[in-house]
Amino acid sequence: MNIFIIKNYKMITKKNYEVLYYVTPKQYRATALDQQEYDPKAMENLDKEEALEELLLKCALSELISTLIIIFKEKYANPLPIWTGIVDYEINTKKENSKRKDIKKIQFEFKYGVKTDFGANTEYLDNLFMEFSSPSQAFKDIVKNNLQGKTFTENEHNNKTTFVISNSPISKIEVTPSTFHLFINKSSFIDYGQ
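Residue 0 is where the sequence shown starts when you use numbering that gives the first Met the number 0, and the numbers rise one by one after that.
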């Protein structure tokens with residue numbers, strides 16, 4: 000068995016991801032081209048988002064899955080720093096590639112159908128799919144352990160386990176030894192103004 004130690008690696012904590020719940024005050028939102036006021040926390044938050052992106056890129060796959068569940072379990076989070084942290088997006092082809100070697104395929108599906116605080120139609124994260132480079136039976140237990148504190152059902156069919164969660168922004172999670180698919184309740188969307 001090979002054990003790899005990542006030098007200077009820190010576990011992802013609530014302090015690292017609390018920036019995903021920051022609501023930009025309405026007076027600082029880019030609603031007009033001639034906006035003169037800027038959010039004084041913008042640069043600080045950008046630094047926090049970049050630090051989180053780095054952690055999400057370097058953490059163990061099990062910690063990434065755990066963190067995604069924890070981040071969305073109680074409250075819809077701003078998904079963009081997560082997306083930019085682990086996805087390489089080709090604008091011309093609109094193809095998403097994983098920045099992580101342990102994820103073979105990744106797709107964040109954003110859908111229209113929610114409104115901003117100003118009434119404009121916008122996108123929310125509908126679901127997130129990952130296919131892993133190496134299968135593992137541990138993924139099911141990782142999901143189950145991180146759903147603790149929530150009411151959920153667990154059904155297994157053809158090597159796929161589906162967790163349906165009550166009273167959560169996460170409506171369900173489908174997991175196999177080689178895939179993870181997280182679905183978001185549209186009604187949980189929060190306009191963070193970014």
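For glycine and all other residues, C-beta sits at the position ideal for the given N, C-alpha and C.
When DSSP reads this structure, ILE164 sits in a beta bridge with PHE151.
Pairing MET10 with ASN91, the inter-Cα distance amounts to about 35 Å. If the five residues before and after SER135 are omitted, its C-beta is found closer than 7 Å to the C-beta atoms of PRO176, all from its own chain and listed in chain order. Distances from the CA of PHE117 to each of ASP190, LEU79 and SER133 were compared; the closest alpha carbon is that of ASP190. The segment 45-73 is shown to contain no whole beta strand (DSSP E) run of 3 or more residues. In this structure, the CA atom of PHE138 is about 40 Å from the CA atom of LYS25. Restricted to the segment 95-155, the beta strand (DSSP E) segments that are unbroken, complete and at least 3 residues in length are 102-114 and 120-131, listed in chain order.
The continuous alpha helix (DSSP H) containing LEU79 extends over residues 79-85. Under the DSSP assignment, LYS171 falls in the beta strand (DSSP E) whose first and last residues are 169-174.
Contact fails between the segment 109-126 and the segment 35-45, because fewer than three Cβ pairs, one in each stretch, are under 8 Å apart. When rounded, the separation of the alpha-carbon atoms in LYS149 and TYR88 is 33 Å. When the five nearest sequence neighbours on each side are left out, the beta carbons in the same chain lying within less than 6 Å of the beta carbon of SER187 are those of TYR75 and PRO168, in order along the chain. Annotation: the continuous beta strand (DSSP E) that includes ILE183 extends over 178-183. Between LEU67 and ILE102, the CB-CB gap reaches or exceeds 9 Å. Taking C-alpha positions only, THR161 is separated from VAL113 by approximately 26 Å.
The residue among GLU95, LYS110 and ASN154 with its C-alpha nearest the C-alpha of LYS104 is GLU95. For GLU36, the three-state secondary structure derived from DSSP is coil.
Inter-residue distance for ARG28 and LYS159 is about 42 Å (C-alpha atoms, whole angstroms). By the CB criterion at 9 Å, ILE81 and ARG99 fall outside the cutoff. Where LYS13 is concerned, the enclosing alpha helix (DSSP H) starts and stops at 13-16.
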